[in-house]
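According to the working numbering, the sequence shown is numbered sequentially starting from -5. Notes for the one structure printed next.
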Amino acid sequence: MNAGVINLSVELDESYSEELQKNDINVIPLTMDDFEQRISELDAVIIRENALEDTAQTCSILLKLKENSDVHVWVFSSSSQKVMRTVYLQLGALGIISEDCEEDELQLIISNSLGKKKCISGNGKTGSSETETSQEEVAKLKLIPRNHSVKIHGKKEIPLTKLEYKTLDLLYKNKNNTVTYGELFEEVWEEKFTNQNYRVANLVFHLREKIEDNSVSPIFIRTVRSKGYMLDLWDSSVEES
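Next up, the structure:
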């Protein structure tokens, strides 16, 4: 597993990198100029900042990562104000790591998160039939066409707008496979796609707000970098009324 480190006005102490390396996490130094080009190599990113000097750069990095990747990202910061910690989380950071964090604690935070990610992406189900489901599996997501709504884990119906429902319906029909920005746009708006990724992204943002427990770290609707989105329903029995 690879973890990129972006040092801003302060650097991540070498002892943290050594602890990560000892636990099979390869540490890759990154800069503001090259992190976007190398993001496809990474499973995680650590932004090392000084809260008094680097907030603008940190926000810029988080925004770019959120738009172009589903990589896990943490901000390792000096004592930042609550408002900025909230902003960082809204921009996609999984957590804010304070300076009193020990080397082994940081390693466990990164390892535990990447371990869960690996279990999701590497569960061995490739090319399996849509009908191959275990009797013990519980339905994650159930579309209700007549109401333009959805149930998550069998709980209360969540009402959706017409555009949100059409988006989720198309993702469901192609579950566990990427649906491109163009395909989503032309199906939902019934117009020719002309590089209007932002409209699709905005719609997916609102849809995630309704169906995800944590919209900044989504489980169901996953971003496929530079391509579109995928409804992730591996290991679940999915029903449609």
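Note that CB positions come from ideal geometry on N, CA and C, so glycine has one too. Here the structure is a predicted model, which means the values were calculated and not measured.
For residue i, which residues from the same chain have a beta carbon less than 7 Å from its beta carbon, with the 5 sequence-adjacent residues on both sides left out?
i, result
"Asp98", "Glu13"
"Asp48", "Leu2 and Ser3"
"Phe214", "Leu135, Ile205, Glu206, Leu225 and Asp226"
"Glu5", "Arg42"
Grab me the residues of residue i's own chain with a C-beta within less than 6 Å of its C-beta, minus the 5 sequence neighbours each way, in chain order.
i, result
"Thr155", "none"
"Asn(-4)", "Asn20, Ile22, Glu35, Leu36 and Asp37"
"Val39", "Gly(-2), Val65 and Val67"
"Met78", "Thr49"
"Ser9", "Glu97"
"Gln101", "Glu13, Leu14 and Asn17"
"Gly118", "Here the model assigns Gly118 a pLDDT of 45, short of 50, so the residue's position is not dependable, and the following value carries that caveat. So the list is empty, once near-sequence residues are dropped."
What's the gap between the Cα of residue i and the Cα of residue j?
i, j, result
"Ser72", "Lys16", "25 Å"
"Ile103", "Ile41", "14 Å"
"Val198", "Tyr192", "10 Å"
"Ile90", "Asp27", "23 Å"
"Tyr166", "Leu46", "44 Å"
"Asp7", "Lys145", "46 Å"
"Asn189", "Thr174", "11 Å"
"His200", "Gln75", "27 Å"
"Gly176", "Leu59", "21 Å"
"Pro153", "Gln51", "38 Å"
"Glu93", "Glu184", "51 Å"
"Thr127", "Cys95", "Per-residue confidence for Thr127 stands at a pLDDT of 37, beneath the threshold of 50, marking its modelled position as unreliable; the derived number appears in the next sentence. Between Thr127 and Cys95, the C-alpha separation is close to 42 Å."
"Val69", "Ile33", "16 Å"
"Leu24", "Asp163", "39 Å"
"Arg140", "Tyr159", "11 Å"
"Ile138", "Ile0", "45 Å"
Report yes if the C-beta distance between residue i and residue j is below 8 Å; otherwise report no.
i, j, result
"Lys221", "Thr161", "no"
"Ser3", "Asn44", "yes"
"His142", "Ser107", "no"
"Leu85", "Cys53", "yes"
"Val194", "Leu157", "no"
"Leu88", "Ser11", "no"
"Ser209", "Arg202", "yes"
May I ask whether a heavy atom of the ligand MG can be found less than 7 Å away from the beta carbon of residue i?
i, result
"Ile55", "The ligand MG is absent from the structure shown, which contains no ligands of any kind."
Could you check which residue in the options has the C-alpha nearest to that of residue i?
i, options, result
"Asn196", "Glu184, Phe179 and Lys186", "Phe179"
"Val81", "Asn168, Leu56, Arg32 and Gln101", "Leu56"
"Asn170", "Arg202, Thr217 and Arg140", "Thr217"
Skipping 5 residues on each side, what residues in its chain have a beta carbon closer than 8 Å to that of residue i?
i, result
"Glu130", "With a pLDDT of only 29 at Glu130, under 50, the local geometry of the prediction cannot be trusted, and the value read off the model is given with reservation. Closer than 8 Å at Cβ, skipping near neighbours: no residue."
"Ser122", "Annotation note: pLDDT 39 at Ser122 (below 50); position unreliable, coordinate value reported separately. There are no such residues."
"Glu30", "Lys58 and Asn62"
"Glu151", "Ile138, Asn141, Ser143, Val144 and Lys145"
- May I have a chain-ordered list of the beta strand (DSSP E) segments no shorter than 3 residues that lie completely inside the segment 49 to 100? 66 to 71 and 89 to 91
- Contained beta strand (DSSP E) runs [length at least 3] in the segment 137 to 201, N- to C-terminal order: 143 to 146 and 172 to 174
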